[in-house]
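Q: This is the structure I want to talk about, given as structure tokens.
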Amino acid sequence: MRPPVAHHRPRTGALRARPHLPAPAPGWSISADVVVVGSGVAGLTAALRCEAAGLATVVVTKARLDDGSTRWAQGGIAAALGEGDTPEQHLDDTLVAGAGLCDEDAVRLLVTEGPDAVRRLIATGAHFDESEEGGLELTREGGHHRRRIAHAGGDATGAEISRALVEAVRARGLRTVENALVLDLLTDAEGRTAGVTLHVMGEGQHDGVGAVHAPAVVLATGGMGQVFSATTNPSVSTGDGVALALRAGAEVSDLEFVQFHPTVLFLGADAEGQQPLVSEAVRGEGAHLVDAGGTRFMLGQHELAELAPRDIVAKGIMRRMQEQGAEHMYLDARHFGADMWEHRFPTILAACRANGLDPVTEPIPVAPAAHYASGGVRTDSHGRTTVPGLYACGEVACTGVHGANRLASNSLLEGLVYAERIVADIAAAHAENGLHARVPQPVPYAEQPAHPLLAPETRFAIQRIMTEGAGVLRSEASLATAAEALDRLHTEARDALAENGKTAEPGVDTWETTNLLCVARVLVAAARLREETRGCHWREDHADRDDTDWRRHIVVRLHPDRTLALHTTDTADFPPTLPQALGGARAGGAPMHHQEQ
-12 MRPPVAHHRP
-2 RTGALRARPH
8 LPAPAPGWSI
18 SADVVVVGSG
28 VAGLTAALRC
38 EAAGLATVVV
48 TKARLDDGST
58 RWAQGGIAAA
68 LGEGDTPEQH
78 LDDTLVAGAG
88 LCDEDAVRLL
98 VTEGPDAVRR
108 LIATGAHFDE
118 SEEGGLELTR
128 EGGHHRRRIA
138 HAGGDATGAE
148 ISRALVEAVR
158 ARGLRTVENA
168 LVLDLLTDAE
178 GRTAGVTLHV
188 MGEGQHDGVG
198 AVHAPAVVLA
208 TGGMGQVFSA
218 TTNPSVSTGD
228 GVALALRAGA
238 EVSDLEFVQF
248 HPTVLFLGAD
258 AEGQQPLVSE
268 AVRGEGAHLV
278 DAGGTRFMLG
288 QHELAELAPR
298 DIVAKGIMRR
308 MQEQGAEHMY
318 LDARHFGADM
328 WEHRFPTILA
338 ACRANGLDPV
348 TEPIPVAPAA
358 HYASGGVRTD
368 SHGRTTVPGL
378 YACGEVACTG
388 VHGANRLASN
398 SLLEGLVYAE
408 RIVADIAAAH
418 AENGLHARVP
428 QPVPYAEQPA
438 HPLLAPETRF
448 AIQRIMTEGA
458 GVLRSEASLA
468 TAAEALDRLH
478 TEARDALAEN
488 GKTAEPGVDT
498 WETTNLLCVA
508 RVLVAAARLR
518 EETRGCHWRE
528 DHADRDDTDW
538 RRHIVVRLHP
548 DRTLALHTTD
558 TADFPPTLPQ
568 ALGGARAGGA
578 PMHHQEQ
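Following the numbering used here, the numbering of the sequence shown begins with -12 at its first residue and continues without gaps.
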């Protein structure tokens, strides 16, 4: 059922009363033209292009430069680089996977600018696997009708891309602050971006809480997979960028569309944290999904069988598990032989053997696990958010490219293409308005509303709540239970702060846990509102796709009192972002449907 109709009112005024994380006052500060938060393919590409454009750039990253999600990417990067392939064919496959919610203009930008972006990545120093003829060796993955996935080191594409970009950053002497958790956005008296606050965890350039003052901030903080008990994401993926953007007043969109990778190495029902991924490229090279009896259950479910889009394969696995009362299915690639496993998939082979399995001689037990957030901070085609001067790219962003389900290996490409588009916009604003001349003057945070912090052990409670209530299979009952449990955690922390000023001690664990609760509440609220099954959002109580009422996006904002405002767009196209960029303005949003929580 659609929410009641109301008009969306554009925000005006400064952001001084926004909620923020309790933290000591910054004890040090540095200044720059641009601060890039994150060191995956999106963040480092943005930083390198900013430096090349003559912009003073600081890279802030939560761990080491090469510790983000990019290095874990196995399959590759998709682009129309092969003979006979075209951007139009890539666009068609992306739109089908996105289940009617892709912004077609955003996808067209991705697929047309993608091939040259990959070539520039190669020029930066990334080495991709080549065929015997000397060209790129391309493979297929789920949802692709052609071989268009470039890979490196067999199944170590992300590690190679990360290596090349990190080496380039270090060779060019970009200023970096490692082991730093970014806390909140700084804004000036007009509500424009003025930098970020951050906490350096003892091994970086500075210790304790500090600030980077800059008129442009690029969020490239990656995903939020740690909101679930089992995920392919590294431990740093705690939704920090989305939570920061929400506290700053930015809009997020489509957070209900969490992609669960179909084939994650099953380590037991109680396994928690980062789980080993078994790349889709294994199926692309001919591996079969089978049940315990050896039956290929994906045959007949989709024309591409095991190579159907990820949401379809994940659902197929879950259905078979339900039918048979099983905890996992199997991926059978014994026919590859030892030589192919060792040369094409050495990373996966090592992970299996480290856990007592040998895929050369036995099928691999697999089950879906949280993998990728198709939604995130809402941006336009230049990566601009609804907060002036705040940009987002990579997994933290929602550009409209992925719709309801990301097409395999489009994520690295999106990071490349939209990072370059962001830098083009910042450089143009610098040329037009004198970015260097504007030294941002941050407005101090108001004493209230402070954001209550949660005890570190609450993290595990959040993960259990989300896995049980908002995982691959969802329903009104499961989501209502999850919402009630999350609201209880939120209310208890809020009331303790209001009644006696007590909150958990500021620190990395409490800040991360608080961020996880923030994104979990938004995800559950959006999933509960979307009463249909579409893409990777699977509602057992609304099993059909509903294009009449739900071919639209859910947009969420966080009020200063930390209540949620949910809106739905009128169409599948994103409305424009609000007045923004470093010197320009854009029209406000179109009418939306509105609901408060």
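From the three backbone atoms N, C-alpha and C, an ideal C-beta is built for every residue, glycine too.
In this text the structure is predicted, and so the values were computed from the model without any measurement.
1. With DSSP as the reference, identify every bridge partner of Pro352, one or two as the case may be.
2. Helix or strand or just coil, what does DSSP make of Ala10?
3. Between the alpha carbons of Pro439 and Leu52, how many angstroms are there, rounded?
4. Report the three-state DSSP secondary structure of His423 (helix, strand or coil).
5. May I have the straight-line CA-CA distance separating Val229 from Ala507, to the nearest angstrom?
6. Is the beta carbon of Tyr378 sitting closer than 8 Å to the one on Leu170?
7. I'd like the list of long-range same chain contacts for Ser368, defined as Cβ closer than 8 Å, with 5 residues on each side in sequence excluded.
8. What do you get for Phe244, buried or exposed, if any count of 16 or more other CB atoms within 10 angstroms of its CB means buried?
9. Under a three-way DSSP split, which group does Glu438 fall into?
10. Are Ala354 and Glu314 close, meaning C-beta to C-beta below 8 Å?
11. Using three-state DSSP, classify Glu117 as helix, strand or coil.
12. Does the Cβ of Ala67 have 16 or more other Cβ atoms within 10 Å, making it buried, or fewer, making it exposed?
13. Taking the alpha carbon of Leu535 as the reference point, which residue from Val24, Gly87 and Thr73 has its own alpha carbon closest?
14. If distances are taken between C-alpha atoms only, which option among Thr501, Gly69 and Asn487 comes closest to Pro493?
15. Determine the burial state of Glu238: buried for a count of at least 16 other Cβ atoms within 10 Å of its Cβ, exposed for fewer.
16. Taking the alpha-carbon positions, what's the Gly112 to Val269 distance?
17. Whether or not the segment 99 to 111 and the segment 395 to 415 are in contact is what I'm after, with contact meaning three or more pairs of Cβ atoms, one per stretch, closer than 8 Å; do they touch?
18. Ends of the beta strand (DSSP E) at Phe447?
19. For Ala337, does the count of other Cβ atoms within 10 angstroms reach 16, so buried, or fall short, so exposed?
20. Could you tell me whether the Cβ atoms of Gly69 and Arg135 are closer together than 8 Å?
21. Counting pairs of Cβ atoms below 8 Å between the segment 241 to 256 and the segment 540 to 547, do you hit three or more?
22. Out of Ala274, Glu382, Met316 and Gly488, which one is the CA nearest neighbour of Met327?
23. Would you decide whether Ala356 is buried or exposed? Buried here means 16 or more other CB atoms lie within 10 Å of its CB.
24. Identify whether Pro333 lies in helix, strand or coil by the three-state DSSP scheme.
25. Which value, in whole angstroms, describes the spacing of the CA atoms of Met188 and Gly25?
26. Taking the continuous alpha helix (DSSP H) assigned at Asp80, which residues delimit it?
27. Where do the N-terminal and C-terminal ends of the alpha helix (DSSP H) with Ala198 fall, by residue?
28. Given this structure, state the Cα-to-Cα distance separating Pro6 from Thr550, to the nearest angstrom.
29. So Val277 and Asp319 are supposed to be a Cβ contact under 8 Å. How far apart are they, rounded?
30. Can you find the residues in the same chain that come closer than 6 Å, C-beta to C-beta, to Asp142, ignoring five residues on each side of it along the sequence?
31. Measuring straight from C-alpha to C-alpha, what distance separates His114 and Leu8?
32. So Val214 and Val22 are in contact, right, with Cβ under 8 Å, and what is the actual spacing, rounded?
33. Buried or exposed: Glu75, going by 16 or more other Cβ atoms within 10 Å of its Cβ?
34. Indicate the three-state DSSP secondary structure (helix, strand or coil) for Phe323 in the structure shown.
35. Which residue or residues does DSSP assign as beta-bridge partners of Arg544?
36. Helix, strand or coil: which one does DSSP assign to Ala384?
A: For this structure:
1. Tyr317
2. coil
3. 30 Å
4. In this prediction, His423 has a pLDDT of 48, which is less than 50 and means its spatial position is unreliable; what the coordinates show is noted afterwards. Three-state DSSP puts His423 in a helix.
5. 11 Å
6. no
7. Asp92, Ala93, Leu96, Thr386 and Arg408
8. buried
9. Reading the sequence as shown, one finds His at residue 438 and not Glu. The answer is coil: DSSP assigns His438 none of H, G, I, E or B.
10. yes
11. strand
12. buried
13. Per the sequence shown, residue 535 should be read as Thr rather than Leu. The option with the nearest alpha carbon to Thr535 is Gly87.
14. Thr501
15. buried
16. 26 Å
17. yes
18. Per DSSP, Phe447 belongs to no beta strand (DSSP E); it is in the alpha helix (DSSP H), Thr445 to Gly456.
19. exposed
20. yes
21. yes
22. Ala274
23. buried
24. helix
25. 15 Å
26. Pro74 to Ala84
27. From DSSP, Ala198 is part of no alpha helix (DSSP H) but of the beta strand (DSSP E) over Gly195 to His200.
28. 11 Å
29. 5 Å
30. Gln61, Ser266, Phe332, Thr334 and Ile335
31. 41 Å
32. Not really, about 25 Å apart at Cβ, beyond 8 Å.
33. exposed
34. helix
35. Ala552
36. strand
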